[in-house]
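Protein chains: 4
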Amino acid sequence: MPKLGAEPIRKAALINAAITEIGRAGSLDVTVAQIARAAGMSPALAHHYFGSKEQIFLAAMRHILTTYGKSVREALPGSGPRGRLDAILSASFAPLNFRREVISAWLNFYALALLNNQAERLLRVYHCRLRSNLIVALEPLTGHPADIADTLGALIDGVYLRAVLTRGPTDGAAALNVINDYLEEVLK
Amino acid sequence: MPKLGAEPIRKAALINAAITEIGRAGSLDVTVAQIARAAGMSPALAHHYFGSKEQIFLAAMRHILTTYGKSVREALPGSGPRGRLDAILSASFAPLNFRREVISAWLNFYALALLNNQAERLLRVYHCRLRSNLIVALEPLTGHPADIADTLGALIDGVYLRAVLTRGPTDGAAALNVINDYLEEVLK
Amino acid sequence: MPKLGAEPIRKAALINAAITEIGRAGSLDVTVAQIARAAGMSPALAHHYFGSKEQIFLAAMRHILTTYGKSVREALPGSGPRGRLDAILSASFAPLNFRREVISAWLNFYALALLNNQAERLLRVYHCRLRSNLIVALEPLTGHPADIADTLGALIDGVYLRAVLTRGPTDGAAALNVINDYLEEVLK
Amino acid sequence: MPKLGAEPIRKAALINAAITEIGRAGSLDVTVAQIARAAGMSPALAHHYFGSKEQIFLAAMRHILTTYGKSVREALPGSGPRGRLDAILSASFAPLNFRREVISAWLNFYALALLNNQAERLLRVYHCRLRSNLIVALEPLTGHPADIADTLGALIDGVYLRAVLTRGPTDGAAALNVINDYLEEVLK
DNA sequence: AATGAATGAGGATTCATTCAT
DNA sequence: GATGAATGAATCCTCATTCAT
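Protein chains in written order, with this note's numbering: chain A, 97 to 284; chain B, 97 to 284; chain C, 97 to 284; chain D, 97 to 284.
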């Protein structure tokens, strides 16, 4: 039953399955067989499409970062002087991105970046983009946007990190409050 | 001639070796054989002392958190109104704790906490203690110490996280600056 | 527009590709996919034409032996009393047959003959034909043509074997010299 | 039941099993599990001792060549002017070395030498030693020992090759006759 | 005729763990 | 206390082969 054009569909299914399984397992110790089964296909096909487990992981990571990037871009520019900033923040804590399984995968990808050059590069690019976006968004609001952008970036990561360790459903609103409290203080 | 009191020495050697190897590898994918070899003994002996690989990891994690706790306690109460706060912070970013390999291990233990109940409990205890310490330290300085303690805790984690992804030697001083800039703003 | 008579062309392409790939790899550990790709078609089509990998190998072996047989027949009868003998020998060491990749494939087919009855039969037939040809060719030259044919056959194989293990381009002329030196001695 | 000093015993068992299995299979397509089972142990232990399948093969090849070398050395110098030569030849066709399974393994190692540098080196060393031995042995008997040594070496290989393709038990005596007939002619 | 899609079977290798000594 | 020996279970990956289109 070979449907034509199956490749992108299969790849997408594998990427989603990988994120789900990594999130569920809370670890990169997930077998290709697990991921493939969750995606409804044989491990051999997963290899056929991605070549290796590593490539599946990288594609999943890329997907998470890309999805996040899209969320931001769609929310920009917002309105008013804090429009850009609010757009970035609400995208960061939107339910789509701020799900437990996504954060869990994200944490594990951070760990992967210690090992894998491609993963490290992906993360670095994400950091740079976020920083640029934040600086542009902060320029109308403060005299030292770069410093605040750095702190804000770290704070966002820290809040993510803590969210995943809290039992129960992740609470994007509460997370966002922490961020906004900080911004209120620092932006006068 | 069996050495007396070999057990604690052996265990300590294994714990240190585990942290080093996890730090070096940037991952929990470290074999018991690796750890045991680094600690100068056979894998069988490592099992004899700890019972399982998991227990070695938990002991290592406990060691990191305990070491950090000791650093804080030794620095307390410090002097002056910000004495307690500065003590906690400088312990957090002291070279002993803020080494790449320790942070790398720490990041991986965060990931482990997603999986393992004991690891999660250890981390939760550490978070609670840090929070209490920070609240006590912040009380003389602000009207809402709990909120600031939460934000500060997240910020510290975020700064750790980013430190490990920066190439080159970890820079505790720079990390501390980010924290202090935040505190300056927020403590008026 | 389906090309007419595609089958023999496709089969020939596969056979050549098989010999090339086996020669290049120096082993029968060549995948059907490799061979098919080298022949410019899908692995599925290769199966369609040959039914199995084994049959591709056998066809390739048959092709090598047939090509060699043709070379001999074209050179026969030659001229003079040693005409037949020289014809056989020069065909055996002609560049077409005495290429590294062909010899490498040939060596691997020898190994295949240990396993596969059809391959063994092919090789046996080749041996018999060569022996008959040599005996006929030697009859005008010696009193015990059968013995010399046997020795000569083994010597030719041995020279092939050693040629493939010598680095650099195969040297048919040198190989032929070894054979001729032998014949000079033995034919007085 | 860990017997001390098991390593050399296990390694020897694996080497013998490898030769037997390769001989029986007529191919290097033998699994580590097969070899290990034949040697009475688990595949994991085979890997423990040799590190990889390739190393098992190389050790087996080394063993075959070493065994042959020992046979020769033990037979040298023989007696009389043809003593050295006869010693080498009778070692070459002695039942110990001229068994079907050994020859079959030997043929496959020839093929392996096309692929693997270490295997190629082993074979080259064997060729050189055989050549030296033959030259020394031929010096008292002929004016151009080097040429005869080369031809003789190729002839021996060719005879081996043909022996393995003949059904039924290998016949060392017949093989030796072919060689001796050649020598009679060439040594006047 | 031709192929993309798909998989079952298998194989090398790794490793935590056990056990006899 | 300490270790060499040993393995079962797992995991990634490969590949010949099949099949619907």
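Where is the CB? At the ideal position from N, CA and C, for every residue including glycine.
Predicted, not measured: the structure shown is a model, and the values here were computed from it.
Burial state of residue i, where buried means 16 or more other Cβ atoms lie within 10 Å
{"i": "M97 of chain A", "result": "Note that M97 of chain A has pLDDT 44, beneath the 50 cutoff, so the model's placement of it is unreliable and the number below is only indicative. Exposed is the call here."}
{"i": "L283 of chain C", "result": "exposed"}
{"i": "N276 of chain B", "result": "exposed"}
{"i": "S228 of chain A", "result": "exposed"}
{"i": "L234 of chain C", "result": "buried"}
{"i": "G268 of chain D", "result": "buried"}
{"i": "S188 of chain C", "result": "buried"}
{"i": "T266 of chain A", "result": "buried"}
{"i": "L185 of chain B", "result": "buried"}
{"i": "V221 of chain A", "result": "exposed"}
{"i": "L124 of chain D", "result": "buried"}
{"i": "L272 of chain D", "result": "buried"}
{"i": "F146 of chain A", "result": "buried"}
{"i": "A140 of chain B", "result": "exposed"}
{"i": "R169 of chain B", "result": "exposed"}
{"i": "A242 of chain C", "result": "exposed"}
{"i": "A132 of chain B", "result": "buried"}
{"i": "A270 of chain A", "result": "exposed"}
{"i": "N213 of chain A", "result": "exposed"}
{"i": "L181 of chain B", "result": "buried"}
{"i": "E192 of chain D", "result": "The amino acid at residue 192 of chain D is misidentified as Glu; the sequence shows Leu. It is exposed - the Cβ of L192 of chain D has fewer than 16 other Cβ atoms within 10 Å."}
{"i": "Y278 of chain D", "result": "buried"}
Sub-7 Å separation of residue i and residue j beta-carbons
{"i": "A296 of chain D", "j": "I105 of chain D", "result": "Because chain D spans 97 through 284 in this model, residue 296 of chain D falls outside it and cannot be assessed."}
{"i": "A207 of chain D", "j": "N204 of chain C", "result": "yes"}
{"i": "P236 of chain D", "j": "P177 of chain D", "result": "yes"}
{"i": "I118 of chain A", "j": "V126 of chain A", "result": "yes"}
{"i": "S200 of chain B", "j": "G264 of chain B", "result": "no"}
{"i": "L257 of chain D", "j": "D253 of chain C", "result": "yes"}
{"i": "L226 of chain C", "j": "G249 of chain C", "result": "yes"}
{"i": "A135 of chain C", "j": "A113 of chain C", "result": "yes"}
{"i": "V128 of chain B", "j": "A142 of chain B", "result": "yes"}
{"i": "E280 of chain C", "j": "E281 of chain D", "result": "no"}
{"i": "L211 of chain A", "j": "L251 of chain B", "result": "no"}
Limits of the alpha helix (DSSP H) - the one that residue i falls within
{"i": "F146 of chain D", "result": "P139 to F146"}
{"i": "P241 of chain D", "result": "P241 to L261"}
{"i": "N112 of chain D", "result": "A102 to A121"}
{"i": "N213 of chain B", "result": "N213 to L234"}
{"i": "L286 of chain A", "result": "For residue 286 of chain A there is no data in the structure shown, the boundaries of chain A being 97 and 284."}
{"i": "T127 of chain C", "result": "Careful: T127 of chain C lies outside any alpha helix (DSSP H) and carries neither H nor E."}
{"i": "A135 of chain D", "result": "Here A135 of chain D belongs to no alpha helix (DSSP H), and DSSP marks it neither H nor E."}
{"i": "K166 of chain A", "result": "K149 to A171"}
{"i": "G179 of chain D", "result": "G179 to S188"}
{"i": "D277 of chain D", "result": "G268 to V282"}
Whole-Å CB distance - residue i paired with residue j, under 8 Å assumed
{"i": "V255 of chain D", "j": "V274 of chain D", "result": "6 Å"}
{"i": "S175 of chain D", "j": "A190 of chain D", "result": "No, S175 of chain D and A190 of chain D are not in contact; Cβ-Cβ is about 18 Å, not under 8 Å."}
{"i": "L261 of chain D", "j": "E216 of chain C", "result": "7 Å"}
{"i": "V198 of chain D", "j": "I152 of chain D", "result": "About 16 Å separates the two Cβ atoms, so there is no contact after all."}
Residues within the stretch 211 to 228 of chain A neighbouring chain B, beta-carbon criterion of under 8 Å = L211, E216, L219, R220 and H223
Which residues, in order along the stretch 242 to 256 of chain D, keep a beta-carbon less than 8 Å from a beta-carbon of chain C?
-> D243, D246, T247, G249, A250, L251, I252, D253, G254 and V255
Where the stretch 261 to 284 of chain D meets chain C: residues whose CB sits under 8 Å from a CB there | L261, V274, D277, Y278, E281 and V282
In chain order, what residues of the stretch 114 to 137 of chain B put their CB closer than 7 Å to some CB of chain A?
-> G122 and S123
Note down, in chain order, all residues in the stretch 186 to 198 of chain C with a beta-carbon under 9 Å from any beta-carbon belonging to chain D.
-> none
What are the residues of the stretch 151 to 164 of chain A that lie near chain B, defined by any Cβ-Cβ distance shorter than 7 Å?
-> none
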